[in-house]
Amino acid sequence: MGGTWRIARIFGIDVNIDSSWLIVFVLITWTLAGSYFPYQYPDWDSWLHWTVGVATSVLFFASILAHELAHSLVAIRQGERVRSITLFIFGGVAQITEEPDRASKEFLMAIVGPLSSLAIALVFGVLWLVVRGFSEPVGALARYLALINASVALFNLIPGFPLDGGRVLRAVIWGISGNLRMATLVASWFGQGIAFLFMLWGVWQVFTGAFINGLWMAFIGWFLRNASISGYRQVLIRDMLRDIRVEDLMSHDFETVSPALTIQQIVDDYVLRRRDHAYPVADGDRLQGIICLHDVKAVPRQRWASTLVREVMTPWEKLATVSAEDDGNTVLTYMNTHDVGQLPVVEGNRLAGMLRRSDIIRFMQVRSELGI
Ligand SMILES: [Zn+2]
137 MGGTWRIARI
147 FGIDVNIDSS
157 WLIVFVLITW
167 TLAGSYFPYQ
177 YPDWDSWLHW
187 TVGVATSVLF
197 FASILAHELA
207 HSLVAIRQGE
217 RVRSITLFIF
227 GGVAQITEEP
237 DRASKEFLMA
247 IVGPLSSLAI
257 ALVFGVLWLV
267 VRGFSEPVGA
277 LARYLALINA
287 SVALFNLIPG
297 FPLDGGRVLR
307 AVIWGISGNL
317 RMATLVASWF
327 GQGIAFLFML
337 WGVWQVFTGA
347 FINGLWMAFI
357 GWFLRNASIS
367 GYRQVLIRDM
377 LRDIRVEDLM
387 SHDFETVSPA
397 LTIQQIVDDY
407 VLRRRDHAYP
417 VADGDRLQGI
427 ICLHDVKAVP
437 RQRWASTLVR
447 EVMTPWEKLA
457 TVSAEDDGNT
467 VLTYMNTHDV
477 GQLPVVEGNR
487 LAGMLRRSDI
497 IRFMQVRSEL
507 GI
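Residue numbers (the numbering used here): 137 to 508.
Here it is, written out as structure tokens:
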């Protein structure tokens, strides 16, 4: 799908909108203003139907955002980093950079989502009771938002991973058994079972005439199924990498470049020939820094012949490095949190190897093809 746009920054978290979200936003606004409110309140004029429709739709998505913010704030309180919240076609998702390391943490982070939706439903429910005698439009808006937020809470409590309810289930099994992998496997089975029911229900609806609704249900089922399978796979990967040292993952096949070369020489002799994205800069064995495509692109082309590597490289002091003894899981988490594709592996001042994200992926592919 298209792109994502950042619309706000709340508590240090980027709030993004995916282009697929525009589809649901238009669809829901159109349904509310074009058929739901006109059907319920036929004596309003169409201007009022649209005003209340748009306001309800905007507040609905604000409620989804509040649900995701609740997850994020609890995560931050528990010491996690939250990169962003993205609204997309199926609702919202908070990008929490690390999987929780304790069952109690995951339980709190998961349960707070449905609880906040329930709280929002209660607020709108009370608002509806208070204002319905004075203002029919505000009452209608409050009633709809109370019902839809209660539905969001219930839907998310379905115990299929990766829905919030599935995470709660995983946390409970994990807390009792102490085995995250087994807990994820069980929660993922539930998730796949529920996804299957959604798809079945969708197909049944398609054949009984509710074509659009049926397709939508099947689509949600398909999405849930993929998410619950990949959720379990991620845990497997982490489990596997935890026992692997960087030494076994890193590549010895790297070429260092001299800090005295020009950018033009780097491009001609290394980048175009080897197609690597980053090159360690070293004087003999001593690592001085790293130069990557990003640094090269920052220099205007007409200055490539006159600019030296040492002027644009990321110097050693600012460089994130790993040791050959680190475990694969820690390093992969670091790469994901800091959005880096490669890390130099150092021993003292000496460059022992390069670890690229692709090295880790290839390592896993070979293992899984051998069935290990
Ligand atoms: Zn949630």
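Each residue gets a CB set at the ideal place from its N, CA and C atoms; glycine is no exception.
If only uninterrupted alpha helix (DSSP H) runs of at least 4 residues are considered, those enclosed by the segment 182-246 are 182-213. Leucine 258 has its alpha-carbon roughly 25 Å from the corresponding atom of tyrosine 175. In this structure, the C-beta of alanine 246 approaches ligand 1 to less than 8 Å from one of its heavy atoms.
Glutamate 483 sits in a strand when the DSSP states are folded into three classes. Histidine 203 sits buried, since 16 or more C-beta atoms from the chains shown fall within 10 Å of its C-beta. For valine 481 and glutamate 391, the gap between their C-alpha atoms comes out near 14 Å.
When Leu209, Gly311, Trp352 are compared, the shortest CA-CA separation from arginine 238 is found for Gly311. The closest CA to that of alanine 286, considering only Thr443, Phe196, Asn315, is found on Phe196. When the Cα atoms are used, isoleucine 365 and aspartate 181 turn out to be separated by approximately 48 Å.
Rounded to whole angstroms, threonine 457 and asparagine 465 show a C-alpha spacing of 15 Å. The residues Asp154, Ser156, Trp157, in chain order, have a CB closer than 6 Å to that of phenylalanine 224 in the same chain once the five nearest residues on each side in sequence are set aside.
Scanning the segment 449-483 for uninterrupted beta strand (DSSP E) segments of 3 residues or longer gives 478-483, listed from N- to C-terminal end. Contact between isoleucine 200 and glycine 227 holds: their C-beta atoms lie close to 5 Å from each other, under 8 Å. Under the Cβ criterion (8 Å, minimum of three pairs), the segment 448-457 counts as touching the segment 419-436.
Here phenylalanine 347 is exposed. Its C-beta has fewer than 16 other C-beta atoms within 10 Å. At least one heavy atom of ligand 1 falls within 8 Å of the beta-carbon of glutamate 204.
Apart from the 5 residues on each side of it in sequence, phenylalanine 260 sits with its Cβ closer than 6 Å to the Cβ of Ala278, Leu281, Ala282 in its chain, given in chain order.
Bridge pairing for aspartate 389: absent [DSSP]. Judged by DSSP secondary structure, glycine 170 falls outside any beta strand (DSSP E); it is assigned neither H nor E.
Comparing C-alpha distances from leucine 372 to each of Ser171, Trp325, Leu316, Thr443 shows the shortest one belongs to Leu316.
Take the alpha-carbon of serine 324 and the one of phenylalanine 297: they are about 5 Å apart. For asparagine 292, the Cβ falls inside the 8 Å cut-off from some heavy atom of ligand 1. Put simply, of Val190, Phe147, Ala191 the residue whose alpha carbon is nearest the alpha carbon of serine 208 is Phe147.
In this structure, Leu377 is the residue among Leu377, Gly484, Val151, Ala441 with its C-alpha nearest to the C-alpha of threonine 469. For the 9 Å CB-CB criterion, alanine 418 and valine 393 form a contact. Short note on glycine 327: C-beta not closer than 8 Å to any heavy atom of ligand 1. In the three-state reduction of the DSSP assignment, leucine 299 falls in the coil class, being assigned neither a helical nor a strand state.
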